[in-house]
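Numbering (the numbering used here), first residue to last: 10 to 141.
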């Protein structure tokens, strides 16, 4: 892929990982082919996304994307626990890790939830493509 295409992807994605929102100059950002070239993917802008190295490795099955981990302190009342549990069971990308005894959600989805709660008029999609 040529340098002009790389620069266009960086500009379009605002110099930040489209998954976890990490940005220059804090991290290395890679241009990722959504459909790999080996499977017929092209260098068209619609097939390219800017990912940090950690998210890029995860996209290729070689690591784990950044996540936020939540666990109970054990001090919740029943109503608070029900709300906590409902939040994580309806968020499609939330996963319970029994080993850690904690809920984990992708960092980008957590940031979207915070933005939505802070500004209910916002309606950006979650990382899995689902909307609010």
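Just so you know, even glycine gets a beta-carbon here, dropped at the ideal spot from N, CA and C.
Inter-residue distance for residue 65 and residue 92 is about 33 Å (C-alpha atoms, whole angstroms). In the displayed model, residue 64 falls within a helix according to three-state DSSP. In the three-state scheme derived from DSSP, where H, G and I count as helix and E and B as strand, residue 76 is classed as strand.
Taking the Cβ atoms as the reference, residue 40 lies roughly 5 Å from residue 15, within the contact range of under 8 Å. In this structure, residue 117 sits away from residue 23, with a CB-CB distance that is not shorter than 8 Å. Secondary structure note for residue 104: its beta strand (DSSP E) is the uninterrupted segment 104-106. Under the criterion of beta carbons closer than 8 Å, residue 94 and residue 60 do not qualify as touching, at roughly 31 Å. The Cβ atoms of residue 62 and residue 36 sit closer than 8 Å to each other. Per the C-alpha coordinates, the member of 98, 99 and 106 positioned closest to residue 76 is 106.
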